[in-house]
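Residue numbers (the working numbering), protein chains in the order written: chain A, -10 to 488; chain B, -6 to 101.
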């Protein structure tokens, strides 16, 4: 009465499928399937099995469909009909589930959560990046230290705070340890305070001592093993003695330049930078100055030597939107590339019968539009999660990763949307089924051959030519009149063939 | 369908299964062998036919199964409604009886 060891997989499938069967029917259902499986296994070489072309493993696969059917039968009639395979509701539910899953993943990752659900900097509209190279200046350093010095004193009426920083690679000497090379942001002493990244209650952070080193949380954990006793101790960064002043969460820094640590210097300390060193300048607009423009403005400055320079003041709020901007660019490129990968026509031209009613046409377009929207949303959420999960150095890096991660899935997704729409009945919007090959390839191209698909609810047939000709170039939809419906009455209900 | 014999709106697959049971294939695996349909089609279709009152199932006696050292099987047979439905289905699928001859046909 026992099954052979090789059939144990088939038994496992039956037992797994049984979990879908309603509890009240489960024991009876398992008994029937195990009994039948036993007979299949013991007659596997017999005539009866050759007739059915059945192995125990193949036989057990049907248990899954049987269990699904029983589960579906528990759901009320309209719900079972709505959720059957290929239906609009099922397709929408799958897409919505993917979108919700993407949202959950984004929410679970701190950096993507901040990027999506909160401002990267709470008062980003009042903060600007000063650039001498337009938008490029938000990605690469463009301001000399000397220029910053002039502005720090001359723009007090316009900016309440102004800070400078220069990304550099520096060696951090840790006693009795290796000397790792870190990406250190060498900046003016008010940099972190201006960005709101400094904890106000942190005593060491408020210290005005020169050469204060703030470690990123990941660098602190990696190189100091999260030792809380290091604050206030002296360290050595490329030969310069500094004081370790605090730790800044990695998610607090979104400006250009990778940051393992921030070395905040006073005016004299900044002078140690090379004379031609370029950096970034961040400023906070004074409340009484003017309402800050949404994206920023251009600014003509006359330097002390009398020469006029043009600078751009770019709002940090617009810089924060870089990933969204890159995603929209990827979206545009995917839309432009779409015609090269698939045909655009939906190919449902009625050959006979009455034209489709307006509300049916509207519903079809609405479904198509919602699929495009959901696919775009899914790709946006997942590419955002991927961009920020990969620990990008700054927002520009995250935006670049997002664009790369989004383009191909968008293209494939949009291609699927069109192909899926073409395979749906224009009346009930369910996926067409029962593909059948019709005809033979014609020598003179006058005979039609191709694939015929049928709407399980009996609304019509779809003919897809194997070889497009001038007289049958695209797929065509053939409406069936109501006299055919008796043949499909059972199929339209929830049945094993349709479920 | 709702078990209305007069309407007889059975798909060809369901009609084949009903005819196979009528022809004496009284458990799922023999129905598969007779019709050539896969298990994933036959068993759910039999559940539906049972739900609609066209067939009924009954477990084999445990003593018989024990005597033959095998698990008991679940047997199916047509109800009166099922027979009436099958008669109506013959009009729609005239070749059905020839594909799966029933005992009455064999006797003829």
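We put the CB at the ideal spot given by N, CA and C, even for glycine.
| Under a CB-based cut-off of 8 Å, is residue 21 of chain A close to chain B? | yes
| query | Rounded to a whole number of angstroms, what is the C-alpha to C-alpha distance between residue 212 of chain A and residue 184 of chain A? | reply | 25 Å
| request: Determine the direct distance from the alpha carbon of residue 15 of chain A to that of residue 209 of chain A, and round the result to whole angstroms. | output: 56 Å
| message | Any beta carbon of chain B sitting closer than 8 Å to that of residue 473 of chain A? | response | no
| field | chain B contact residues for residue 356 of chain A, given Cβ-Cβ distances below 8 Å | value | None at all; the shortest Cβ gap to chain B is about 28 Å.
| Do the CB positions of residue 492 of chain A and residue 203 of chain A come within less than 8 Å of each other? | No information on residue 492 of chain A is available, as it lies outside the stretch -10 to 488 that chain A covers here.
| query | So residue 446 of chain A and residue 468 of chain A are in contact, right, with Cβ under 8 Å, and what is the actual spacing, rounded? | reply | Between residue 468 of chain A and residue 446 of chain A the Cβ distance is about 12 Å, and since that is not below 8 Å, they are no contact.
| field | DSSP state of residue 155 of chain A mapped onto helix, strand, coil | value | strand
| task | Spell out a yes or no on whether the region 357 to 368 of chain A and the region 388 to 406 of chain A are touching, meaning 3 or more CB-CB pairs, one atom from each, closer than 8 Å. | result | yes
| Relative to the alpha-carbon of residue 105 of chain A, which residue among A:440, A:438 and A:388 has its alpha-carbon at the smallest distance? | A:388
| request: Tell me, to the nearest whole angstrom, how far the beta carbon of residue 448 of chain A is from that of residue 441 of chain A; I am working on the premise that it is less than 8 Å. | output: With 8 Å as the limit, residue 448 of chain A and residue 441 of chain A do not qualify as a contact, their Cβ atoms being about 14 Å apart.
| task | Tell me, please, whether the CB atom of residue 70 of chain B is closer than 8 Å to any CB atom in chain A? | result | no
| Under a Cβ-count criterion, where at least 16 other Cβ atoms within 10 Å of its own Cβ denotes burial, should residue 457 of chain A be classed as buried or exposed? | exposed
| Name the chain B residues that come within less than 8 Å of residue 403 of chain A, Cβ to Cβ? | Per Cβ cutoff of 8 Å: no residues; residue 403 of chain A is ~33 Å from chain B at best.
| What did DSSP end up calling residue 1 of chain A once you bin it into helix, strand or coil? | helix
| query | Taking C-alpha atoms, which residue in A:428, A:121, A:471 and A:353 lies nearest to residue 414 of chain A? | reply | A:353
| request: Check distances from the C-beta atoms of the region -5 to 21 of chain A to those of chain B and list, in chain order, the residues that come in under 7 Å. | output: 21
| request: Anything in chain B within Cβ reach of residue 58 of chain A, meaning under 7 Å, just list it in chain order. | output: 37 and 40
| request: For the alpha helix (DSSP H) holding residue 213 of chain A, just list the boundary residues, first then last. | output: No alpha helix (DSSP H) contains residue 213 of chain A, which DSSP labels as neither H nor E.
| field | Proximity of residue 16 of chain B and residue 94 of chain B at Cβ, strictly below 8 Å | value | yes
| query | Starting from residue 10 of chain A and walking both ways along the beta strand (DSSP E), at which residues does that stretch end? | reply | Element bounds for residue 10 of chain A: n/a, residue is neither H nor E.
| residue 250 of chain A: buried (16+ other C-beta within 10 angstroms of its C-beta) or exposed? | buried
| query | How about residue 529 of chain A and residue 33 of chain B: are their beta carbons less than 8 Å apart? | reply | Any answer about residue 529 of chain A is impossible in this case: the structure gives chain A only from -10 up to 488.
| request: Please list the residues of the region 437 to 453 of chain A that have a C-beta atom closer than 7 Å to any C-beta atom in chain B, keeping them in chain order. | output: none
| residue 13 of chain A classed as buried or exposed, judged by whether at least 16 other C-beta atoms fall within 10 angstroms | exposed
| query | For residue 182 of chain A, which option in A:259, A:473, A:149 and A:373 has the closest C-alpha, if you only look at C-alpha atoms? | reply | A:149
| query | Does the separation of the CB atoms of residue 172 of chain A and residue 248 of chain A fall below 8 Å? | reply | yes
| Under three-state DSSP, which class holds residue 443 of chain A? | strand
| request: Examine chain B for any beta-carbon lying closer than 8 Å to the beta-carbon of residue 468 of chain A, and answer yes or no. | output: no
| With a CB to CB cut of under 8 Å and the five nearest residues on each side skipped, what residues in its chain are close to residue 196 of chain A? | Low local confidence applies: a pLDDT of 49 at residue 196 of chain A is under 50, so the model's placement there is unreliable, and no value is given.
| request: Check whether the Cβ atoms of residue 303 of chain A and residue 115 of chain A sit closer than 8 Å, and answer yes or no. | output: no
| message | If you reduce the DSSP assignment to three classes, tell me which class residue 16 of chain B lands in. | response | coil
| request: Apply the 10 Å Cβ neighbour rule to residue 79 of chain B and answer buried if 16 or more other Cβ atoms are within range, or exposed otherwise. | output: buried
| query | Who are the neighbours of residue 48 of chain A on chain B, taking C-beta pairs under 9 Å? | reply | 22, 25, 31 and 32
| task | Can you say whether residue 61 of chain B is buried or exposed, counting buried as having 16 or more other CB atoms within 10 angstroms of its CB? | result | exposed
| message | Counting C-beta neighbours from all protein chains within 10 Å, is the total for residue 12 of chain B 16 or more, i.e. buried, or is it exposed? | response | buried
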